[in-house]
Amino acid sequence: MVTEEPSTIYDYQKLVNRVYHHSDFEFVGIALQAELYPYPIKWCFVAGNRNERFRKITLRRGFGIAGLVLRTGKPFYSNDLPKYTLSSAMYTPIAGAEALTAAAAIPLSSSTMGVVTGVLLAGYRDGKRQVSQESVKQLQGFIH
1 MVTEEPSTIY DYQKLVNRVY HHSDFEFVGI ALQAELYPYP IKWCFVAGNR NERFRKITLR
61 RGFGIAGLVL RTGKPFYSND LPKYTLSSAM YTPIAGAEAL TAAAAIPLSS STMGVVTGVL
121 LAGYRDGKRQ VSQESVKQLQ GFIH
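Quick note on numbering: this note's numbering labels position 93 of the sequence shown as 93, and the sequence is numbered without any gaps.
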């Protein structure tokens, strides 16, 4: 299920803040794909971040959680993010930068074309709490 993205920059930050303050996720972020070639994916809006390292992360479509969700248009979740190493196709730099152990991500699409242009990701750091299909549904609920 692809969910329609907010229409303005203000709406993106508002969405991130709403998810962060109305759920128990320790980190919430939105990564957006640039409109110009080579179409890099960058984390633009976050809440619950421990540092500013997320600003330096540039992703490619198909790699890591955000890249996979952008490429497939399908939600993804994992409860063992530290197992993905730099050589793994599922390596996700945001997990390392923010010490995330579990995260769920859903696609955001443009309202005009239905093309996936962003990812909403939310996760935990403590290693005790886990994400599931219910976490995906919870994130989708914030969009509608």
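Each residue gets a CB set at the ideal place from its N, CA and C atoms; glycine is no exception. As the structure is a computational prediction, the values presented were derived from the model and not from experiment.
- Its Cα nearest to that of residue 16, the residue 120 stands out among 38, 76 and 120.
- Residue 79 and residue 85 have their C-alpha atoms some 15 Å from each other.
- Counting along the chain, no beta strand (DSSP E) covers residue 68; the unbroken alpha helix (DSSP H) around it starts and ends at 64–72.
- With a contact defined as Cβ atoms closer than 8 Å, residue 70 and residue 33 qualify at about 6 Å.
- Burial state of residue 55 is exposed, judged by a 10 Å Cβ sphere holding fewer than 16 other Cβ atoms.
- Residue pairing for residue 118: DSSP places it in a beta bridge opposite 32 and 108.
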